[in-house]
Amino acid sequence: MTATFKTPHFRTQWNVDTAACLMPRVNVADSDTELSVYVFLPGVTKEDVTVNVSDERVLTIKGEKKRGEQPEGLKFQRKERRFGAFKRQFYLPKHVSSENIGATFENGVLTVTLQKTQPKTTTVEIK
Amino acid sequence: MNTMNIVRFQPFGEFDRVANHLVRRAFNQNFRPFAELEHTASELTKQVNTQFSDIVRAFDQNFSEFTSKTGLTSNRVFNVWSDAAFLGNSLLNTVLNGANATNGEFVPRMDVTENETSINLYVELAGLSKDDVSVTVSEDRILTIKGERKREATTEDAAKNIIRTERHYGTFARSFALPEYVNAESVSGKFENGVLALTLEKVEPVQPKQIEVKIK
Numbered sequence: 286m287t288a289t290f291k292t293p294h295f296r297t298q299w300n301v302d303t304a305a306c307l308m309p310r311v312n313v314a315d316s317d318t319e320l321s322v323y324v325f326l327p328g329v330t331k332e333d334v335t336v337n338v339s340d341e342r343v344l345t346i347k348g349e350k351k352r353g354e355q356p357e358g359l360k361f362q363r364k365e366r367r368f369g370a371f372k373r374q375f376y377l378p379k380h381v382s383s384e385n386i387g388a389t390f391e392n393g394v395l396t397v398t399l400q401k402t403q404p405k406t407t408t409v410e411i412k
Numbered sequence: 008m009n010t011m012n013i014v015r016f017q018p019f020g021e022f023d024r025v026a027n028h029l030v031r032r033a034f035n036q037n038f039r040p041f042a043e044l045e046h047t048a049s050e051l052t053k054q055v056n057t058q059f060s061d062i063v064r065a066f067d068q069n070f071s072e073f074t075s076k077t078g079l080t081s082n083r084v085f086n087v088w089s090d091a092a093f094l095g096n097s098l099l100n101t102v103l104n105g106a107n108a109t110n111g112e113f114v115p116r117m118d119v120t121e122n123e124t125s126i127n128l129y130v131e132l133a134g135l136s137k138d139d140v141s142v143t144v145s146e147d148r149i150l151t152i153k154g155e156r157k158r159e160a161t162t163e164d165a166a167k168n169i170i171r172t173e174r175h176y177g178t179f180a181r182s183f184a185l186p187e188y189v190n191a192e193s194v195s196g197k198f199e200n201g202v203l204a205l206t207l208e209k210v211e212p213v214q215p216k217q218i219e220v221k222i223k
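Below you can see the structure in the form of structure tokens.
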């Protein structure tokens with residue numbers, strides 16, 4: 286099960302903080318009927334995120350985290366937050382449908398819900 | 008957490024020369040607001056690249072834990088190098104695990120900006136609601152932001168099968184000594200898109216009164 290939710294380009298959780306573009310942290314939880322992907326995007330608005338699935342069944346979550354207006358004369362006492370473009374990509378596991386994908390955005394958390402499909406087995410009659 | 012004042016004067020306590028110098032520096036022109044726990048770290052910040060900011064943040068956090076656990080007087084806070092060995096182990100954890108992984112705590116990232124009328128704090132707390140965070144200002148003007156990040160409300164089945172988890176969960180706390188030119192009673196905050204924004208109003212600093220002592 287753990288092997289089925291790999292990230293393309295060999296990006297793993299270990300270089301989340303050092304990647305060239307922002308890599309928001311992601312949790313994936315599995316239930317009987319669906320797979321939930323939680324992407325943590327504090328300070329990002331709903332309009333600045335896109336979620337899509339390509340023909341090769343790659344789920345892409347990308348967008349931009351904008352710093353917003355900065356009035357003149359603003360001094361920074363502390364600068365720990367990071368801004369800029371972000372992107373995460375995942376291969377969808379076989380037992381997940383690439384249709385009927387639901388997404389909600391609340392309190393800076395994007396939740397993508399993927400429906401599971403029943404594995405189809407066709408029995409061949411032997412004549 | 009209450010013992011984290013930047014400099015707690017002991018009446019008529021005598022400082023050694025080094026400490027005295029640092030205390031004067033902290034109180035005079037070099038006093039930087041929101042620098043209390045990173046006071047020692049700030050020197051490091053200049054040298055250390057931004058990509059090591061996590062390490063610097065670990066210093067913040069560890070100083071707070073260190074002082075609060077042992078109840079040491081704050082003079083000790085200035086002594087980086089003796090404490091550095093003590094911190095070594097948890098720093099290593101920090102480098103390996105991304106954020107401060109000791110005691111199940113994490114350090115939320117934050118920006119602090121200052122303009123002519125106010126100081127604004129922006130704390131990244133994705134997935135938390137207003138009720139999960141508490142912001143307090145203590146009598147000795149220490150602003151504390153603390154709370155707990157809980158796991159997402161998932162079904163029992165889902166909770167059992169977590170495929171990938173990159174997020175840190177648990178309690179967090181960050182504290183700052185408020186500079187004198189901030190009205191400690193004016194703290195207001197709002198929560199939007201997982202970012203807690205706090206506004207502190209600035210006030211005119213009170214000029215110290217000079218009292219003449221007559222010698223008879």
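Chains as they are written, first to last, in the working numbering: chain A, 286 to 412; chain B, 8 to 223. For glycine and all other residues, C-beta sits at the position ideal for the given N, C-alpha and C. Computed from a prediction, not measured in an experiment: that's the story for all the values here.
Q. Can A/R373 and A/V311 be called in contact, C-beta distance under 8 Å?
A. For A/R373 and A/V311, yes; Cβs fall inside 8 Å.
Q: Pick out whichever of B/E199, B/L150, B/S193, B/T120 has its Cα sitting closest to the Cα of B/I185.
A: It should be pointed out that residue 185 of chain B corresponds to Leu in this sequence rather than to Ile. Out of B/E199, B/L150, B/S193, B/T120, B/L150 has the C-alpha closest to the C-alpha of B/L185.
Q | Residue environment, A/T407, which counts as buried when at least 16 other CB atoms sit within 10 Å | A | A/T407 is exposed by the Cβ-count criterion.
Q. Which bits of chain A does B/Y129 rub up against, with CB to CB less than 7 Å?
A. Taking a Cβ-Cβ cut-off of 7 Å, the neighbours of B/Y129 in chain A comprise R366, given in sequence order.
Q) Among B/N168, B/S182, B/S193, which residue has its Cα nearest to the Cα of A/S321? A) Sorting B/N168, B/S182, B/S193 by C-alpha distance to the C-alpha of A/S321 places B/N168 at the top.
Q) Do B/I126 and B/L203 have their C-beta atoms closer together than 8 Å? A) No. Outside cutoff.
Q. Within 7 Å: the Cβ of A/G348 and any heavy atom of the ligand SAH?
A. This structure does not include the ligand SAH; it has no bound ligands of any sort.
Q: Helix, strand or coil for A/D315, going by three-state DSSP, please let me know.
A: Looking at A/D315 - three-state DSSP - the assignment turns out to be strand.
Q) Any idea if A/E365 is buried or exposed, counting beta-carbon neighbours within 10 angstroms, 16 or more meaning buried? A) Flag for A/E365 reads buried.
Q: For A/T330, go through chain B and note every residue whose CB falls closer than 8 Å to its CB, in chain order.
A: Neighbours of A/T330 in chain B, taken as residues whose beta carbon is under 8 Å from its own, are N200 in chain order.
Q: Could you say if the region 112–125 of chain B and the region 375–385 of chain A meet the contact criterion of at least three C-beta pairs nearer than 8 Å?
A: The answer is no - the region 375–385 of chain A does not touch the region 112–125 of chain B, with fewer than three Cβ pairs under 8 Å.
Q. Out of B/V130, B/F113, B/T124, B/S141, which has the shortest C-alpha to C-alpha gap to A/R363?
A. The shortest C-alpha separation from A/R363 is found at B/V130.
Q: Throw me the rounded Cβ distance for the B/Y176 and B/K197 pair, which I believe falls under 8 Å.
A: B/Y176 to B/K197, Cβ: 24 Å. No contact.
Q. Name the chain B residues whose beta carbon is nearer than 7 Å to that of A/P404?
A. Against A/P404, chain B offers no close residue; the least beta-carbon distance is about 17 Å (beta-carbon pairs closer than 7 Å).
Q.
Are the CB atoms of A/T402 and A/V381 within a distance shorter than 8 Å?
A. Result yes, Cβ atoms of A/V381 and A/T402 sit closer than 8 Å.
Q) Along the region 319–344 of chain A, what residues have a CB closer than 7 Å to any CB found in chain B? A) The region 319–344 of chain A vs chain B, Cβ under 7 Å: S321, Y323, F325, L326, P327, G328, V329, T330.
Q) How would you write the range of the beta strand (DSSP E) that B/E208 sits in, first residue to last? A) From DSSP, the beta strand (DSSP E) with B/E208 extends over 202–208.
Q) Do B/V142 and B/V194 have their C-beta atoms within less than 8 Å of each other? A) Yes, they are a contact pair.
Q: Give the DSSP-derived three-state secondary structure of A/K331 in the structure shown.
A: Collapsing the DSSP output to three states places A/K331 in a helix.
Q: With 7 Å as the C-beta to C-beta threshold (strictly closer), list the residues of the region 168–190 of chain B near chain A in chain order.
A: The residues in question are N168, I169, I170, R171, T172, E173, R174.
Q: Between the Cα of A/T345 and those of A/P327, A/L359, A/G358, A/Y323, spot the shortest distance and give me the residue it belongs to.
A: Comparing alpha carbon positions, the residue from A/P327, A/L359, A/G358, A/Y323 closest to A/T345 is A/Y323.
Q | Bridge partners - B/G196, DSSP secondary structure assignment | A | When DSSP reads this structure, B/G196 sits in a beta bridge with B/L205.
(Q) I'd like to confirm the pairing. Which residues does DSSP put opposite B/T178 in its beta bridges? (A) Paired residues: B/E155.
Q. B/F66 by DSSP, collapsed to three states: which one?
A. Confidence in B/F66 is poor, its pLDDT being 45 and thus under 50, which makes the residue's placement too unreliable to answer from.
Q.
Along the chain, where does the beta strand (DSSP E) containing A/M308 start, and where does it finish?
A. That residue, A/M308, is in no beta strand (DSSP E); it is neither H nor E in DSSP.
Q. Closest by CA to B/F113, which one among B/T178, B/V220, B/L205?
A. B/F113 has its Cα closest to that of B/T178, out of B/T178, B/V220, B/L205.
Q: Give a yes or no on whether 8 Å exceeds the smallest Cβ distance from A/F361 to chain B.
A: At least one chain B Cβ lies under 8 Å of A/F361.
Q | Local Cβ density within 10 Å of A/R352, reported as buried at 16 or more and exposed below that | A | Burial state of A/R352 is exposed, judged by a 10 Å Cβ sphere holding fewer than 16 other Cβ atoms.
Q | Beta carbon proximity, A/N392 to chain B, threshold 8 Å | A | Yes, because at least one Cβ of chain B sits closer than 8 Å to the Cβ of A/N392.
Q. From B/K137, B/D147, B/D139, pick the residue whose C-alpha is nearest to that of B/E192; which is it?
A. The shortest Cα separation from B/E192 among B/K137, B/D147, B/D139 belongs to B/D147.
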